Amino acid sequence: SSSSSSSSLLNGNGSIIHRVADMCGGHGLLSWFLLAMGTTDDSTTTTKSRTAIVVDRCMPASAEVIAKGMLKEFPELQDKWTYVQADISTVEPHPSTLLVSVHACGTLTDYLISLAIDSGAPLAVVPCCHTIQPKKGYRPHVLSGYSENVASIASIASIAALVEREKQNSNHTLGDVVDGIRCRTLANAGFAVQEVMIPTAFTKRNRLIMANKKLSDTDDDDD
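Per our numbering, the sequence shown runs over residues 1 to 223.
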């Protein structure tokens, strides 16, 4: 599942994650799962002190129901979870914050990738509703390899042509091509990137992209 795969990014990448930010998180269940995974007996001090924040424009009633149920089962998580009703554009993540989002619709995934690149924060995102339509806000990132100018319509035309070639030659979908470009963008920005296919029993939109900023040679020497 996305929560178990994100947990591997939380606990097995060599970095220290102090907070999870569930972006456009709706009911916030993913953030609760990631917090609960840090309550086992073999959890480290860092994972046990980890906090989570859900950011969305409006907190649904289901979020309160889930919060009550999770705190009943995991009372030790009291005061470690926060819901902020705000636009995600207000978020300025620290590199120790893991950005997560499930079914990040359309260009929301691209926004989160840009946010991760700009901040150096790790990312775990499940994209959906792929688009390359300029009218829907799509622009290839300057590090995608397809654009020297982030607003270049010509670069979008090149990607559209690539999509058609891949559909004909490799039976790839629009999602395959767009997510491939997204992974390349993160890699070009110095991130270690991993793709995990979640079982379709959970969701048909099942590609999880995980990315973590690579340690520099200087950082390695300091360890």
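Think of the CB as a built atom: it goes at the ideal place given N, C-alpha and C, for glycine as much as any other residue. Only a predicted model underlies this, so the values are computations on that prediction, with no experimental measurement involved.
Check each candidate in the options and name the one with the smallest Cα separation from residue i.
i: residue 69; options: 38, 32, 205, 84; result: 32
i: residue 198; options: 113, 141, 124; result: 124
i: residue 85; options: 73, 59, 107; result: 59
i: residue 164; options: 177, 154, 80; result: 177
i: residue 114; options: 25, 181, 56; result: 181
i: residue 196; options: 134, 189, 179; result: 179
i: residue 73; options: 137, 35, 132; result: 35
i: residue 205; options: 162, 173, 26, 119; result: 173
i: residue 134; options: 100, 157, 54; result: 157
i: residue 19; options: 162, 118, 100; result: 100
i: residue 109; options: 130, 119, 92; result: 130
Pull the bridge partners of residue i from the DSSP assignment, please.
i: residue 83; result: 54
i: residue 126; result: 102
i: residue 70; result: Answer by DSSP bridge pairing: none, since residue 70 is not bridged.
i: residue 208; result: 196
i: residue 213; result: 191
i: residue 262; result: In the structure as shown, the chain begins at 1 and stops at 223. Residue 262 is therefore absent and cannot be evaluated.
Around the C-beta of residue i, are 16 or more other C-beta atoms found within 10 angstroms, so that it is buried, or is it exposed?
i: residue 185; result: buried
i: residue 170; result: exposed
i: residue 80; result: buried
i: residue 191; result: buried
i: residue 16; result: exposed
i: residue 97; result: buried
i: residue 225; result: The question about residue 225 has no answer, for the chain in this structure spans 1 to 223.
i: residue 25; result: buried
i: residue 224; result: What is shown of the chain runs 1 to 223, which leaves residue 224 out entirely.
Just to check my reading of the structure: residue i and residue j have Cβ atoms closer than 8 Å, yes? What is that Cβ distance to the nearest angstrom?
i: residue 94; j: residue 121; result: 7 Å
i: residue 251; j: residue 137; result: Summary: the structure shown does not reach residue 251, with the chain confined to residues 1 through 223, and so no result is reported for it.
query: Is it true that the segment 63-80 meets the segment 131-150, where meeting means three or more beta-carbon pairs spaced less than 8 Å apart?
result: no
- prompt: For the 8 Å Cβ check, are there 3 or more pairs between the segment 48-55 and the segment 118-136?
  reply: no
- prompt: Is there contact here, the segment 200-219 with the segment 134-143, by at least three beta-carbon pairs under 8 Å?
  reply: no
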